[in-house]
Structure formats: structure tokens, C-alpha cells
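Worksheet: one structure, shown below.
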Amino acid sequence: IGFDGYAVGGLAVGESQHEMFSVLDDIKENLPFEKPHYLMGVGTPSDILGAVKEGIDMFDCVMPTRSGRTGLAFTWDGKLNLRNSKFQYDKSPLDDNCRIKDLNKYSKSYLNHLLKSDEMLASMLISLNNIYFYQQFMREIRRNINEGTFNSFYKKYINFFD
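Take 1 as the starting number for the sequence shown in the working numbering and just add one per residue.
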């Protein structure tokens, strides 16, 4: 058709991740390789990795902020449900690697306390962490593609966040 880019929608609405990847695999030969491919409303880190493997370039999703509002944080150590009582006395930062607005100065125990107290600040801090993590994650995907190491990055992280 000659569009500037191509959007794929209607996935990640109930089918399994395997089915979603299968559909992306089936349609990629019909999408011009040289044009950007956008997958609407997806997703989790493993959804993104699998979709990139199938030729998708761009994403949008509420996952980082929706998860943040419920106390779920994405980090390079995996997903953390900060509502869990195991974080009640954990004085370690949410993510040592986070360098945005000194987010790493807030401990998991403090965030756990804020969540249990229904303080809005918890949702804000965890959402900001998640957005920062997703930016790092996408940066690492791009770096690994450029360096020709995407397959090993994919294998390392495809099931890491499940």
C-alpha cells in the first residue's frame, strides 16, 4: 500500500503469548521490511522480546504505569511485587542501577509501607521506576541488535520476567 509504517493491533487480548508470536511470524512476510512495524498495546518485557524477534520495531502499553499503580516493579532482578510482606524490612533500594531522580534512595521497605498505607507516592515512584526500566530495556534491545548479539539477549531474558 505504501504507508510510512504499519500497525498491528488486536493481539494480546486473550490469546497465549505463543499464539501472538505465531501470528506475528505469519504476517511478517506481508509487511515491508524497510518500513517500521508497530505493535499496539503490548506489553510485558517477554512480549516485547518475542515481538522484536518477529520483526516488530515499536510498542506502546500501559504495563509500566498500570503495574506501578498496583505495586509491581520491573527491575533487572525480575518482577517484584512490593506489596509482599517479604519486603517489609528490606532496606535495599528498588533498583541499584536506576539513576533517575535518585529513585534508588527509596528502599523496598519504604515502598512496601507506602503501598500498605495507600499512599499515592508509592504508585508514582514505582511507575517512574518501571518507565525508566522499560527505556533501559529497549536501549539494551537496540544495542544487542546493533552488536549482533540479540539472540543471546533474547534467550537470557525471554522467560526472565514471567
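No residue lacks a Cβ here, since even glycine has one placed at the ideal position from N, Cα and C.
{"Item": "Between the CA atoms of S123 and I145 - distance to the nearest angstrom", "Value": "33 Å"}
{"Item": "Residue range of the beta strand (DSSP E) that includes K79", "Value": "G78 to N81"}
{"Item": "Whole-angstrom distance between S117 and E147, CA atom to CA atom", "Value": "45 Å"}
{"Item": "Counterpart residues of A174 in DSSP-defined beta bridges", "Value": "As shown, the chain starts at 1 and ends at 162. That puts residue 174 outside it, with no answer to give."}
{"Item": "Validate contact between the region 91-110 and the region 41-58 using beta carbons, cut 8 Å, 3 pairs", "Value": "no"}
{"Item": "T44 Cβ short of 8 Å to the ligand HEM heavy atom set", "Value": "This structure lacks the ligand HEM, and indeed carries no ligand of any kind."}
{"Item": "C-beta contact flag for R83 and L115 at 9 Å", "Value": "yes"}
{"Item": "Of the residues I56, K156, G78 and P93, the one placed nearest G5, counting alpha carbons only", "Value": "I56"}
{"Item": "Counted within 10 angstroms of its Cβ, other Cβ atoms place N30 as buried (16 or more) or exposed", "Value": "exposed"}
{"Item": "Extent of the continuous beta strand (DSSP E) run through Y89", "Value": "That residue, Y89, is in no beta strand (DSSP E); it is neither H nor E in DSSP."}
{"Item": "CA nearest to the CA of Y165, picked from N97, D95, D77 and D25", "Value": "This structure cannot settle anything about residue 165, because the visible part of the chain is limited to 1 through 162."}
{"Item": "Counterpart residues of A7 in DSSP-defined beta bridges", "Value": "Y38"}
{"Item": "Member of N129, F161 and F33 whose CA lies at the smallest distance from the CA of E54", "Value": "F33"}
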